[in-house]
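Data first, discussion second: the structure below is written as structure tokens.
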Ligand code: 7TS
């Protein structure tokens, strides 16, 4: 069924989206992509920052607000019962998307930042002590640096960093040297947002487990772009953000193993996360409610469910394969056809994003000038200042792909960069 054919009474299902993958066809599902910017067709290449929304997500949320909206968990009335069912259905969809053994191990949060903070607080601050060590990597987003820094400062634990080589690949021999019986926790991203490096997370997890450490994988840049199976990985925690996977802002996921979620301290306290409250003592609800204090982002969670239906309808394998093809094409074109362009991040395993500098042009100027060609790319430090320092650049320009991007758009990026070169020289 096409989105256009969907009737008022249909809610989108993953079956609605099952079809052979064709970027030109899926593009039509994204209303925002159909516009011109500065008189040119929009070329949206900032998907690592946030992704556009398919009609099925927009329509699913509209319909929910128009017909079924009520609070969750609390009401005995029909709208509340429906909303609760839909909210919990979304949790089931996330569990099956990640192949989590139990949907109660899926916590809805605001996004990756909140998910990591939840673990840094509930696990880090609750259990770390002086002499303990937390390991992160040199290629993390600030969201997977600062919460650990603060948790270490608060507890007297020490933060260690896995270095990367000149391609932006983690140096695994150095990681092994950092691991010891003092290591309590390892937190690394699956894919670096600044370099595109895909980390060998299975190996990282296995080695951490061998010394008894728990492992958090920041999946903000992996969940939208490749199949993820938390049981196969064996990670203790996995996080991702809805808005980077075609869902609304304000919703994200923390997957955690039940025994850890049960023993961790609650992050935000208040309504709905309790079992009993007296002025003397409060006992807490079981996960996931224990970590979902207050009225949650109901429509956003339901929207996330639709987004996951949408991507699983296309197939994460198909998405990953196509985005690799785009990455290879774009890498070749940028390297061979744009004079003065240097790619920052050349690890052997990369996801679909390219950070680059262009001769003497400041990245901010590249971004601003290329916007006049209707092309949206991100420029700056990408919330990864230590990466910029490691590669000795103040900032980069970054083109990041989604399955709705095309080789023709890559050609437009190349042409746009030629114009930038003309203008700055
Ligand atoms: N971790 C990684 C690897 C990320 O790429 C991001 C966001 C986050 C954590 C934080 O996610 P949030 O949804 O809580 O903000 N990365 C980017 C980016 O590359 N450009 O804008 C946001």
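Residue numbers (my numbering): 14 to 438.
No residue lacks a Cβ here, since even glycine has one placed at the ideal position from N, Cα and C.
State the start and end residues of the unbroken beta strand (DSSP E) segment that holds residue 287.
Under the DSSP assignment, residue 287 falls in the beta strand (DSSP E) whose first and last residues are 287–290.
Starting from the C-beta of residue 327, find all residues in its chain whose C-beta is less than 7 Å away, skip the five residues before and the five after it, and write them out in chain order.
These residues qualify, in order along the chain: 30, 34, 39, 416.
Quick one: give me the first and last residue of the beta strand (DSSP E) that residue 150 is part of.
Per DSSP, the unbroken beta strand (DSSP E) holding residue 150 starts and ends at 146–150.
Between which two residues does the alpha helix (DSSP H) holding residue 191 run?
In the DSSP assignment, residue 191 falls within the unbroken alpha helix (DSSP H) covering 185–191.
Cβ contact check for the segment 252–261 and the segment 228–243: 3 or more pairs under 8 Å:
With a cut-off of 8 Å, the segment 228–243 and the segment 252–261 count as touching, because enough Cβ pairs lie within range.
So if DSSP puts residue 368 in a beta bridge, which residue, or which two residues, is it bridged to?
BP columns for residue 368 point to 357, 411.
Based on Cα-Cα distance, which residue from 374, 42, 353 lies nearest to residue 437?
If we check each option's Cα against that of residue 437, 374 comes out closest.
May I have a chain-ordered list of the alpha helix (DSSP H) segments no shorter than 4 residues that lie completely inside the segment 91–148?
Listed in chain order, the complete alpha helix (DSSP H) runs (minimum 4 residues) inside the segment 91–148 are 91–111, 125–132.
Inter-stretch contact at 8 Å, needing at least 3 Cβ pairs: the segment 154–168 / the segment 291–303
Result no; under three Cβ-Cβ pairs closer than 8 Å.
The ligand 7TS heavy atoms versus the CB of residue 265: any closer than 7 Å?
Yes, since a heavy atom of the ligand 7TS falls inside the 7 Å radius drawn around the Cβ of residue 265.
Could you check the C-alpha separation between residue 408 and residue 106 for me, to the nearest Å?
Taking the straight line joining both Cα atoms gives about 38 Å.
I think residue 121 touches residue 305, with their Cβ atoms under 8 Å apart; what is that distance to the nearest whole Å?
So it is a contact: roughly 6 Å between Cβ atoms.
Smallest Cα separation from residue 182: which of 421, 207, 139?
Nearest to residue 182 by alpha-carbon distance, out of 421, 207, 139, is 207.
Is residue 380 near the ligand 7TS - that is, is its Cβ less than 7 Å away from at least one heavy atom of it?
No - the ligand 7TS has no heavy atom lying nearer than 7 Å to the Cβ of residue 380.
In this structure, does DSSP put residue 169 in helix, strand or coil?
Coil.
Quick one: Cα of residue 89 to Cα of residue 288, how far?
Computed Cα separation, rounded: 18 Å.
Which residue wins for smallest C-alpha separation from residue 256, given the options 404, 358, 124, 68?
Looking from the CA of residue 256, the closest CA among 404, 358, 124, 68 belongs to 124.
Beta-carbon within less than 8 Å of residue 414's beta-carbon, same chain only, minus the 5 sequence neighbours each way: which residues are those?
Only 58, 60, 336, 339, 340, 343, 365, 366 meet the Cβ criterion.
Unbroken beta strand (DSSP E) run spanning residue 391, endpoints:
Counted as a single uninterrupted DSSP element, the beta strand (DSSP E) harbouring residue 391 occupies residues 391–393.
Using the Cα positions of residue 213 and residue 345, report the straight-line distance between them to the nearest angstrom.
Computed Cα separation, rounded: 24 Å.
Beta-carbon contacts of residue 48 that lie in its chain and below 7 Å, excluding the five residues immediately before and after
Non-local C-beta neighbours of residue 48 in its own chain, meaning closer than 7 Å and more than five positions away in sequence, comprise 55, ordered along the chain.
Using 8 Å as the Cβ pair cut-off and three pairs as the minimum, do the segment 195–204 and the segment 78–96 touch?
Output reads no: the segment 78–96 does not touch the segment 195–204.
Could you check which residue in 180, 74, 175 has the C-alpha nearest to that of residue 369?
Here the closest residue by C-alpha is 180.
Nearest-angstrom Cα separation, counted from residue 427 out to residue 243
Going by the C-alpha atoms only, they are around 38 Å apart.
Does the beta-carbon of residue 323 have 16 or more other beta-carbons within 10 angstroms, so that it is buried, or is it exposed?
By the Cβ neighbour-count rule, residue 323 is buried, with 16 or more other Cβ atoms within 10 Å of its own.
Any heavy atom of the ligand 7TS within a distance shorter than 7 Å of the CB on residue 396?
Distances from the CB of residue 396 to the heavy atoms of the ligand 7TS include at least one below 7 Å.
Are any of the Cβ atoms in chain B nearer than 8 Å to that of residue 41?
Within the model displayed, chain B is absent; a lone protein chain is all it includes.
Terminal residues of the continuous alpha helix (DSSP H) containing residue 46?
Looking at the DSSP string, residue 46 is not in any alpha helix (DSSP H), and its letter there is neither H nor E.
Let me make sure I understand the geometry here. Which of 351, 197, 148 has the alpha-carbon closest to that of residue 188?
Ranked by how close their Cα comes to the Cα of residue 188, the residues 351, 197, 148 have 148 in first place.
Beta strand (DSSP E) containing residue 82: first to last residue?
Where residue 82 is concerned, there is no enclosing beta strand (DSSP E), given that its DSSP letter is neither H nor E.
In terms of residue numbering, what span does the alpha helix (DSSP H) encompassing residue 379 cover?
From DSSP, the alpha helix (DSSP H) with residue 379 extends over 376–384.
Quick check: does the Cβ of residue 256 come within less than 7 Å of any heavy atom belonging to the ligand 7TS?
Relative to the ligand 7TS, the beta carbon of residue 256 is positioned inside 7 Å of a heavy atom.
With distances taken Cα to Cα, identify the nearest neighbour of residue 389 among 434, 36, 65, 221.
Checked all of 434, 36, 65, 221; the closest Cα to residue 389 is 65.
Which residues mark the beginning and the end of the alpha helix (DSSP H) in which residue 234 is found?
Residue 234 -> no alpha helix (DSSP H), and no H or E assigned at all.
DSSP has residue 175 in a bridge; who is on the other side?
For residue 175, which the question treats as bridged, DSSP gives the partners 150.
So what does DSSP say about residue 208, is it helix, strand or coil?
Residue state for residue 208 is assigned as coil, using DSSP reduced to three classes.
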